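These notes are about the structure you will find just below.
Protein chains: 2
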Amino acid sequence: MVARSERLLTLLQTLRRYRRPVTGTVLAEETGVSLRTLYRDIASLQAQGAMIEGEAGIGYVLKPGFMLPPMMFSEEELEALVLGSRWVARAAEPRLANAGADALAKIAAVLPPDLRDMVDSATLFVGRKRQDEDKADVSAIRKAIRLERVLELHYGDEQGRISRRRIWPFALGYFEHVRIIMAWCELRQDFRHFRTDRIIDMTIHDARYPRRRTVLLKEWRDTQDTPIEH
Amino acid sequence: MVARSERLLTLLQTLRRYRRPVTGTVLAEETGVSLRTLYRDIASLQAQGAMIEGEAGIGYVLKPGFMLPPMMFSEEELEALVLGSRWVARAAEPRLANAGADALAKIAAVLPPDLRDMVDSATLFVGRKRQDEDKADVSAIRKAIRLERVLELHYGDEQGRISRRRIWPFALGYFEHVRIIMAWCELRQDFRHFRTDRIIDMTIHDARYPRRRTVLLKEWRDTQDTPIEH
DNA sequence: ACGCTACTGCCATAAACTGTCAGCAGGAGG
DNA sequence: CCTCCTGCTGACAGTTTATGGCAGTAGCGT
Numbered sequence: 119m120v121a122r123s124e125r126l127l128t129l130l131q132t133l134r135r136y137r138r139p140v141t142g143t144v145l146a147e148e149t150g151v152s153l154r155t156l157y158r159d160i161a162s163l164q165a166q167g168a169m170i171e172g173e174a175g176i177g178y179v180l181k182p183g184f185m186l187p188p189m190m191f192s193e194e195e196l197e198a199l200v201l202g203s204r205w206v207a208r209a210a211e212p213r214l215a216n217a218g219a220d221a222l223a224k225i226a227a228v229l230p231p232d233l234r235d236m237v238d239s240a241t242l243f244v245g246r247k248r249q250d251e252d253k254a255d256v257s258a259i260r261k262a263i264r265l266e267r268v269l270e271l272h273y274g275d276e277q278g279r280i281s282r283r284r285i286w287p288f289a290l291g292y293f294e295h296v297r298i299i300m301a302w303c304e305l306r307q308d309f310r311h312f313r314t315d316r317i318i319d320m321t322i323h324d325a326r327y328p329r330r331r332t333v334l335l336k337e338w339r340d341t342q343d344t345p346i347e348h
Numbered sequence: 119m120v121a122r123s124e125r126l127l128t129l130l131q132t133l134r135r136y137r138r139p140v141t142g143t144v145l146a147e148e149t150g151v152s153l154r155t156l157y158r159d160i161a162s163l164q165a166q167g168a169m170i171e172g173e174a175g176i177g178y179v180l181k182p183g184f185m186l187p188p189m190m191f192s193e194e195e196l197e198a199l200v201l202g203s204r205w206v207a208r209a210a211e212p213r214l215a216n217a218g219a220d221a222l223a224k225i226a227a228v229l230p231p232d233l234r235d236m237v238d239s240a241t242l243f244v245g246r247k248r249q250d251e252d253k254a255d256v257s258a259i260r261k262a263i264r265l266e267r268v269l270e271l272h273y274g275d276e277q278g279r280i281s282r283r284r285i286w287p288f289a290l291g292y293f294e295h296v297r298i299i300m301a302w303c304e305l306r307q308d309f310r311h312f313r314t315d316r317i318i319d320m321t322i323h324d325a326r327y328p329r330r331r332t333v334l335l336k337e338w339r340d341t342q343d344t345p346i347e348h
């Protein structure tokens with residue numbers, strides 16, 4: 119049942135062990151299969167995206183890199199990967215940054231639609247490492263964003279004035295040592311951001327807010343002078 | 119030839135579309151296959167690590183998350199993923215940080231040995247985003263590290279004194295706005311770090327340095343008071 | 001008790017895979 | 001130019017595997 123796919127993985131491993139070109143005959147012997155079948159296996163791997171180069175008179179070479187087998191990631195792990203790749207794409211040297219952007223694009227390409235917009239709304243800012251502890255339940259905020267739920271906040275602003283607001287959160291950002299919720303504020307009828315460490319109390323309403331998170335995100339981006347994405 | 123694996127992916131997609139439990143009969147119809155075969159397909163997916171839960175009288179539910187199909191990553195893309203995951207593991211909120219560490223472990227687990235030590239030596243520090251432009255060819259440095267080659271530097275120190283050194287580079291780090299090479303310095307017979315923006319000129323020698331990069335890395339870690347890895 | 005459903009074993013049939021043989025094409029070396 | 005080595009494709013038969021239908025067991029909810 120899994121004989122074939124296992125053999126393909128073995129073939130990749132074998133191919134990676136050699137640095138020099140390897141002839142199909144050798145590969146056929148090592149994988150315990152006929153030459154004809156090996157050619158078909160190579161074709162299968164190439165069809166699946168493996169960067170195998172074959173030249174007549176030379177042999178096969180696997181371009182440097184690695185093929186990840188099918189892997190299960192939880193939603194949070196996926197978010198961590200996306201977030202990390204994006205950070206690399208912004209913060210690293212140009213060459214590595216490009217690699218980060220490519221990796222991100224590859225992952226996003228195979229994501230189903232309902233997870234793909236997480237790539238957009240995962241985070242927008244990047245900052246330093248230390249995080250202050252605050253009482254706001256970040257996973258609850260994340261959940262509210264995912265489910266497009268109205269969030270009611272008791273919020274203290276810069277002058278210490280406490281207000282009560284209903285907001286439509288659509289993204290969560292990291293900036294310096296605080297987390298920031300990007301949201302539409304029902305009170306101000308405009309986009310506002312809220313520092314999670316200034317949240318005194320919060321409630322997630324059952325009601326969905328009347329607009330799509332992705333639309334809010336896009337409109338918010340359009341209001342920005344300097345686009346966040348390159 | 120790929121009919122089966124494609125069907126399994128379709129099955130995952132279908133399973134993810136529903137939020138509620140779905141009966142096997144429905145899934146069999148949607149994937150165009152008999153009920154018996156569907157049970158076998160489910161078993162295959164579970165064997166490959168998919169978190170599918172089936173309960174008699176209820177149906178099937180896919181636990182939140184996503185199964186990545188086999189994907190080809192270049193060495194640099196892989197490095198970007200590793201680097202990004204590590205950053206998330208260190209810098210993000212605890213919950214996301216754990217997810218980052220988990221994702222990193224999952225990837226490292228399936229990496230062949232020759233790529234796995236890249237997980238260790240990829241980078242050690244994390245800093246802010248802006249990078250100064252400097253003339254040192256970072257990819258060349260990376261290559262010297264990978265091949266364990268002696269690197270000869272014309273290097274200007276803090277006081278502006280120019281020295282010439284042969285070093286054994288074993289890791290490349292990011293710290294604040296500069297990149298730093300971690301290396302064994304032949305001149306000082308000790309571990310030293312070198313800012314890439316202070317490199318005036320450099321040459322990669324053909325000679326390999328006489329020790330293993332991973333050993334140097336481990337020894338250097340042992341000399342640190344505060345361990346870098348958690 | 002009843003209906004619904006997940007799950008397993010069995011078996012005949014259909015489909016895919018595999019190996020052998022044959023032939024073509026392109027690079028390396030004489 | 002020729003020869004050798006190698007990648008690559010097609011055709012065919014033998015083998016393996018996947019599939020579907022059937023029967024039966026067990027768990028969950030009403």
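Those protein sequence lines, which keep their order, are chains A and B.
Read in order, the letters of the first sequence are residues 119 to 348 in our numbering.
Read in order, the letters of the second sequence are residues 119 to 348 in our numbering.
In this text, a Cβ means the ideal position worked out from N, Cα and C, and glycines have one as well.
Quantities reported herein were computed from a predicted structural model and do not represent experimental measurements.
Can you round the beta-carbon distance between residue 212 of chain B and residue 166 of chain A to whole angstroms, since I take them to be within the 8 Å contact cut?
Sequence index remark: in the second sequence, residue 212 of chain B carries index 94 (1-based). Sequence index remark: in the first sequence, residue 166 of chain A carries index 48 (1-based). Their Cβ separation, rounded to whole angstroms, is 37 Å, which puts residue 212 of chain B and residue 166 of chain A out of contact at 8 Å.
Pick out whichever of B/137, B/130, B/280, B/142 has its Cα sitting closest to the Cα of residue 318 of chain B.
As a position in the second sequence, residue 318 of chain B is number 200, starting the count at 1. In this structure, B/280 is the residue among B/137, B/130, B/280, B/142 with its C-alpha nearest to the C-alpha of residue 318 of chain B.
If we ignore side chains and look at the alpha-carbon of each, how far apart do residue 392 of chain A and residue 157 of chain A end up?
Examination of residue 392 of chain A is not possible in this model, given that chain A is present from 119 through 348 alone.
How would you call residue 152 of chain B, buried or exposed, if buried means at least 16 neighbouring beta carbons within 10 angstroms?
Position 34 of the second sequence, counted from the first residue, corresponds to residue 152 of chain B. The residue in question, residue 152 of chain B, is exposed, as its Cβ has fewer than 16 Cβ neighbours within 10 Å.
Using a Cβ-Cβ cut-off of 6 Å (strictly less than) and excluding sequence neighbours within five positions of residue 305 of chain B, which residues of its own chain qualify?
Taking the second sequence and counting its residues from 1, one reaches residue 305 of chain B at position 187. 283, listed in sequence order.
Please classify residue 176 of chain B as buried or exposed, where buried requires at least 16 other C-beta atoms within 10 Å of its C-beta.
Numbered from its first residue, the second sequence carries residue 176 of chain B at position 58. So residue 176 of chain B counts as exposed.
Count the other C-beta atoms from every protein chain shown that fall within 10 angstroms of the C-beta of residue 331 of chain A, then say buried if there are 16 or more, exposed otherwise.
Taking the first residue of the first sequence as 1, we reach residue 331 of chain A at position 213. Looking at its Cβ environment, which holds 16 or more other Cβ atoms inside 10 Å, residue 331 of chain A is buried.
Of all Cβ atoms in chain A, is any one closer than 8 Å to the Cβ of residue 211 of chain B?
By 1-based counting over the second sequence, the position of residue 211 of chain B is 93. Yes, its Cβ sits closer than 8 Å to a Cβ of chain A.
Run through DSSP, which three-state label would residue 270 of chain B get?
Numbered from its first residue, the second sequence carries residue 270 of chain B at position 152. Collapsing the DSSP output to three states places residue 270 of chain B in a strand.
Where does residue 284 of chain A sit, in a helix, a strand or coil, going by DSSP?
For the purposes of this step, residue 284 of chain A is identified with residue 166 of the first sequence, where counting begins at 1. Reduced to three states, the DSSP call for residue 284 of chain A is strand.
Applying the criterion that 16 or more other CB atoms from any shown protein chain within 10 Å of the CB defines a buried residue, is residue 147 of chain A buried or exposed?
In the first sequence, counting from the first residue as 1, residue 147 of chain A sits at position 29. So residue 147 of chain A ends up on the exposed side.
Residue 178 of chain B lies in the beta strand (DSSP E); which residues open and close that run?
Taking the first residue of the second sequence as 1, we reach residue 178 of chain B at position 60. Looking at the DSSP string, the run of the beta strand (DSSP E) that includes residue 178 of chain B is 177-180.
Buried or exposed for residue 206 of chain A, going by 16 or more other Cβ atoms inside 10 Å?
In the first sequence, counting from the first residue as 1, residue 206 of chain A sits at position 88. The residue is buried, with at least 16 neighbouring Cβ atoms inside 10 Å.
Using the Cα positions of residue 320 of chain B and residue 123 of chain A, report the straight-line distance between them to the nearest angstrom.
In the second sequence, the residue the question calls residue 320 of chain B occupies position 202. In the first sequence, the residue the question calls residue 123 of chain A occupies position 5. Going from the Cα of residue 320 of chain B to the Cα of residue 123 of chain A covers about 46 Å.
If we call anything under 8 Å between Cβ atoms a contact, is residue 233 of chain B one with residue 288 of chain B?
On the second sequence, position 115 is the one that residue 233 of chain B refers to. On the second sequence, position 170 is the one that residue 288 of chain B refers to. Their beta carbons are not under 8 Å apart, which means residue 233 of chain B does not touch residue 288 of chain B by this criterion.
Give the C-beta separation of residue 80 of chain A and residue 301 of chain A to the nearest angstrom, bearing in mind that I take them to be a contact with Cβ-Cβ under 8 Å.
Only positions 119 to 348 of chain A appear in the structure, and residue 80 of chain A is not among them; the question remains open.
Taking the alpha carbon of residue 217 of chain B as the point to measure from, which residue in B/275, B/231, B/200 has its own alpha carbon closest?
By 1-based counting over the second sequence, the position of residue 217 of chain B is 99. Among B/275, B/231, B/200, the Cα nearest to that of residue 217 of chain B belongs to B/200.
Counting contacts by CB-CB distance shorter than 8 Å, is residue 198 of chain A in contact with chain B?
As a working mapping, residue 198 of chain A is identified with position 80 in the first sequence. Yes, its Cβ sits closer than 8 Å to a Cβ of chain B.
Spell out the partners DSSP gives residue 173 of chain B in its beta bridges.
Walking along the second sequence from the start, residue 173 of chain B turns up at place 55. BP columns for residue 173 of chain B point to B/177.
Taking all protein chains shown into account, decide if residue 336 of chain A is buried (16 or more other Cβ within 10 angstroms of its Cβ) or exposed.
The count along the first sequence starts at 1 and reaches residue 336 of chain A at position 218. Under this definition residue 336 of chain A is an exposed residue.
The beta strand (DSSP E) with residue 255 of chain A in it runs from where to where?
Stepping through the first sequence from its first residue, residue 255 of chain A is reached at position 137. Unbroken run through residue 255 of chain A: none, as it is neither H nor E.
Excluding the 5 residues flanking residue 178 of chain A on each side, which residues of the same chain have their C-beta closer than 8 Å to its C-beta?
Translated into positions along the first sequence, residue 178 of chain A becomes position 60. Excluding sequence neighbours, residue 178 of chain A sits near 133, 139, 140, 141, 142, 145, 160, 170, 171, 172.
Could you tell me if residue 129 of chain A is buried or exposed, where buried requires 16 or more neighbouring beta carbons within 10 angstroms of its beta carbon?
Indexing the first sequence from 1 puts residue 129 of chain A at position 11. Counting Cβ neighbours within 10 Å, residue 129 of chain A comes out buried, since at least 16 surround it.
Rounded to whole angstroms, what is the Cα-Cα separation between residue 286 of chain A and residue 274 of chain A?
Residue 286 of chain A sits at position 168 when you count from the first residue of the first sequence. Residue 274 of chain A sits at position 156 when you count from the first residue of the first sequence. Cα-Cα distance, rounded: 18 Å.
Quick check on the burial criterion: 16 or more other C-beta atoms within 10 angstroms. Buried or exposed for residue 329 of chain B?
Locating residue 329 of chain B in the second sequence gives position 211, where the first residue counts as 1. Looking at its Cβ environment, which holds fewer than 16 other Cβ atoms inside 10 Å, residue 329 of chain B is exposed.
Does chain B have any CB closer than 8 Å to the CB of residue 281 of chain A?
What you label residue 281 of chain A is simply residue 163 of the first sequence in a count that begins at 1. Chain B, which has no Cβ nearer than 8 Å to the Cβ of residue 281 of chain A, makes this no.
Considering only the alpha carbon of each residue, which of B/307, B/227, B/163 lies closest to residue 180 of chain B?
Taking the first residue of the second sequence as 1, we reach residue 180 of chain B at position 62. Closest by alpha carbon: B/163.
With distances taken from CA atoms, which of B/271, B/322, B/316 is nearest residue 303 of chain B?
Counting from 1 along the second sequence, the entry for residue 303 of chain B is found at position 185. Across the set B/271, B/322, B/316, the C-alpha of B/271 shows the shortest separation from the C-alpha of residue 303 of chain B.
What three-state label does DSSP hand residue 168 of chain A in the structure shown?
The residue you call residue 168 of chain A lines up with position 50 of the first sequence. Three-state DSSP puts residue 168 of chain A in coil, outside helix and strand.
Quick check on DSSP: helix, strand or coil for residue 138 of chain B?
Here the question's residue 138 of chain B lines up with position 20 in the second sequence. Here residue 138 of chain B sits in coil by DSSP.
Is the beta carbon of residue 268 of chain A sitting closer than 8 Å to the one on residue 327 of chain A?
As a first step, residue 268 of chain A must be located in the first sequence, where it is residue number 150. As a first step, residue 327 of chain A must be located in the first sequence, where it is residue number 209. Cβ distance < 8 Å, so residue 268 of chain A and residue 327 of chain A count as in contact.
Between the alpha carbons of residue 228 of chain B and residue 258 of chain A, how many angstroms are there, rounded?
Walking along the second sequence from the start, residue 228 of chain B turns up at place 110. Walking along the first sequence from the start, residue 258 of chain A turns up at place 140. Rounded to the nearest angstrom, the two C-alpha atoms are 32 Å apart.
On the three-state DSSP scale, how would you describe residue 319 of chain B?
For the purposes of this step, residue 319 of chain B is taken as the residue at position 201 of the second sequence. Of the three classes helix, strand and coil, the one that applies to residue 319 of chain B here is strand, per DSSP.
I'd like to know whether the C-beta atoms of residue 185 of chain B and residue 168 of chain A end up nearer to each other than 8 Å.
Along the second sequence, read from residue 1 onward, the residue named residue 185 of chain B stands at position 67. Along the first sequence, read from residue 1 onward, the residue named residue 168 of chain A stands at position 50. No; because the gap between Cβ atoms is not below 8 Å, this pair is not in contact.
Nearest-angstrom Cα distance between residue 182 of chain A and residue 316 of chain A?
Residue 182 of chain A sits at position 64 when you count from the first residue of the first sequence. Residue 316 of chain A sits at position 198 when you count from the first residue of the first sequence. About 48 Å.
Using a beta-carbon distance below 8 Å, is residue 229 of chain B in contact with chain A?
What you label residue 229 of chain B is simply residue 111 of the second sequence in a count that begins at 1. So yes, residue 229 of chain B belongs to the interface.
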